[in-house]
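There are 2 protein chains.
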Amino acid sequence: MPYLSAYASPPPTPLPQGRKSMGGPEVERLIALLARLPGLGPRSARRAALKLLREPETKMLPLAAAMAEAARAVRTCSLCGNLDSADPCAICADPRRDRSLIVVVEGVGDLWALERAAVHRGLYHVLGGTLSALGGVGPDDLLLKPLLARILEGGVAEVILALGATVDGAATAHWLTERIKPLGVAISRVGHGVPIGGALEVLDDGTLGAALRGRRPV
Amino acid sequence: MPYLSAYASPPPTPLPQGRKSMGGPEVERLIALLARLPGLGPRSARRAALKLLREPETKMLPLAAAMAEAARAVRTCSLCGNLDSADPCAICADPRRDRSLIVVVEGVGDLWALERAAVHRGLYHVLGGTLSALGGVGPDDLLLKPLLARILEGGVAEVILALGATVDGAATAHWLTERIKPLGVAISRVGHGVPIGGALEVLDDGTLGAALRGRRPV
């Protein structure tokens, strides 16, 4: 069966020691850490490591230094929870932002996505997640009460909830609505445009803008 | 036209200063450097930076240290051109490898791909590219003569050319064939399986194995 045999799976080639790591333990460790980054799998992590290794002085060391520097410089904004090298962050410190308008998001990635879309001229509040009965996340595990404290300080006209359209996002919105409404502050949620079950962080700018403009009172 | 207007492009929202960078100059620089890695675009670089920034001590600093350590430790093998923290590299130093069989590749990525596929039990020789009339790459820009020197030292029974199926790969194979044949050493090239215009580095293990087994004398 020459035809079939040409397509048959070849017998395994006997090799001295089978598969092994490339480049020594330092390279192995670098590839393993790179492969944990979102967007990089084991194969692209190897390609990235190889690109960096080919030019250690001009590619690898600058990236390593940028990482160490960012880890040293960046902190959490004590007002809104954003990550920035300044505290308060550049958004909270900007006098041109409308301080009466607060968009509430789950994470810093959501805040960055809204800023990139340039669809909000007010401030933000990062909760650090959503309430989750299954995940055991209660109100004290998130920055919910600091948000209420910001509102009680006065000057806030409207709170816009930009949370994911998930069960936990809805539960968090409900918890906040119950407590913010009695304070006499308008509260709304972002409108149609956020896909059910989706994360804000990965949406395109147009959808993010539509969701913000299409917000509805709750 | 309420229906149409609901789908019309919205007017641009007036904003104090338009788009700006997130997280300060340190984060901006980190994202810019990450976005240059193969497999990461601007968006996934931001997500990667954010993941690292959320856990600077456990994620960012270990990766920065691994990069600095790899840049310090890794060098080019003086025998075959592989990148490794040892010189000679682990492959050249392995007494179980067949020293009479040399696979010639363009780059270290090709060598690593063949090793991962575990289809070769001999040694390697990394040329560092291919001859290119258009690109101005001549014989002295590659490690072609060191390969001839390795052969002249004796002990080599066969040289297998595992170069890309490109015009430049073929020109390089021709240059080597003309010089290796007179030395009385068998010379072959990897067989069918390498897609025309494709790079070895990204091939699957089965195709790499088939190409190596299906090599033909030149």
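Protein chains in written order, with my numbering: chain A, 5 to 222; chain B, 5 to 222. C-beta: ideal position from N, C-alpha, C; glycine also. Because the structure is a prediction, the values reported are computed rather than measured.
Minimum C-alpha distance to residue i - residue among the options
i, options, result
"Gly142/B", "Trp116/B, Glu30/B and Ala175/B", "Ala175/B"
"Asn86/A", "Glu61/A, Leu67/A, Gly113/A and Leu180/A", "Gly113/A"
"Leu56/A", "Ala70/B, Leu65/B, Ser48/B and Pro150/B", "Ala70/B"
"Arg58/B", "Pro150/A, Ile191/A and Gly133/A", "Gly133/A"
"Ser136/A", "Leu187/A, Gly213/A, Ala39/A and Val171/A", "Val171/A"
"Gly168/B", "Glu162/B, Ala215/B, Gly188/B and Leu83/B", "Ala215/B"
"Leu152/B", "Gly188/B, Ser89/B and Pro66/B", "Gly188/B"
"Leu127/A", "Glu182/A, Ala161/A, Leu138/A and Arg217/A", "Ala161/A"
"Met26/A", "Gly111/B, Ala68/B, Trp116/B and Leu65/B", "Trp116/B"
"Thr181/A", "Gly158/A, Lys149/A, Gly159/A and Glu157/A", "Lys149/A"
Distance, residue j Cα to residue i Cα
i, j, result
"Glu32/B", "Ser104/A", "28 Å"
"Ala74/B", "Ala53/A", "9 Å"
"Gly210/A", "Ala166/A", "15 Å"
"Ile106/A", "Pro29/B", "25 Å"
"Ala190/B", "Glu61/A", "40 Å"
"Leu118/A", "Ala203/B", "39 Å"
"Val130/A", "Val109/A", "5 Å"
"Arg101/B", "Ile35/A", "25 Å"
"Ile164/B", "Leu146/B", "17 Å"
"Val78/A", "Lys63/A", "22 Å"
"His178/A", "Val194/A", "14 Å"
"Ile205/A", "Arg40/B", "Before going further, note that residue 205/A is Glu rather than Ile in the sequence given. Roughly 21 Å between the two C-alpha positions."
"Asp208/A", "Leu38/B", "21 Å"
"Ser89/B", "Gly213/B", "27 Å"
"Ala72/A", "Cys81/A", "19 Å"
"Pro16/B", "Leu138/B", "Only weak support exists for where Pro16/B lies, its pLDDT of 44 falling under 50; the value from the coordinates is given anyway. About 48 Å."
"Leu8/B", "Arg219/A", "The predicted position of Leu8/B is uncertain, since its pLDDT is 36 and thus under 50; a value taken from the coordinates is nonetheless stated next. In a straight line, the C-alpha of Leu8/B is about 19 Å away from that of Arg219/A."
"Leu65/A", "Gly111/B", "22 Å"
"Arg154/B", "Ala68/A", "37 Å"
"Asp98/A", "Leu156/A", "21 Å"
"Pro186/B", "Arg76/B", "41 Å"
"Arg217/B", "Arg183/B", "24 Å"
"Pro159/B", "Ser192/B", "Here the sequence assigns Gly to residue 159/B, which means Pro is not the residue at that position. Each residue's Cα considered, the two are about 17 Å apart."
"Gly140/A", "Leu83/B", "58 Å"
"Gly173/B", "Gly173/A", "56 Å"
For residue i, three-class secondary structure by DSSP
i, result
"Glu162/B", "strand"
"Arg100/A", "coil"
"Ala214/B", "helix"
"Ala175/B", "helix"
"Ala169/B", "coil"
"Ala153/B", "helix"
"Arg193/A", "strand"
"Leu207/B", "coil"
"Arg183/B", "helix"
"Pro15/B", "Because the pLDDT of Pro15/B is 43, which lies under 50, any placement of that residue in the model is unreliable, and the question is left without a value."
"Arg219/B", "coil"
"Leu8/B", "At Leu8/B, the pLDDT of 36 sits below 50, so the modelled position is not reliable and the matter cannot be decided from this model."
"Gly188/A", "coil"
Residue i: CB within 7 Å of a non-hydrogen atom of the ligand ADP
i, result
"Ala70/A", "Here there are no bound small molecules, and the ligand ADP is not part of this structure."
Suppose only complete runs of 3+ residues qualify. What are the beta strand (DSSP E) ranges in the stretch 103-147 of chain B, listed by chain order? 126-130
Can you check the stretch 22-95 of chain B for any beta strand (DSSP E) of at least 3 residues that lies completely inside it and give the ranges in chain order? none
With three or more C-beta pairs closer than 8 Å as the rule, is the stretch 119-133 of chain B touching the stretch 88-107 of chain A? no
Counting pairs of beta carbons, one from the stretch 40-54 of chain A and one from the stretch 41-49 of chain B, are three or more of them closer than 8 Å? yes
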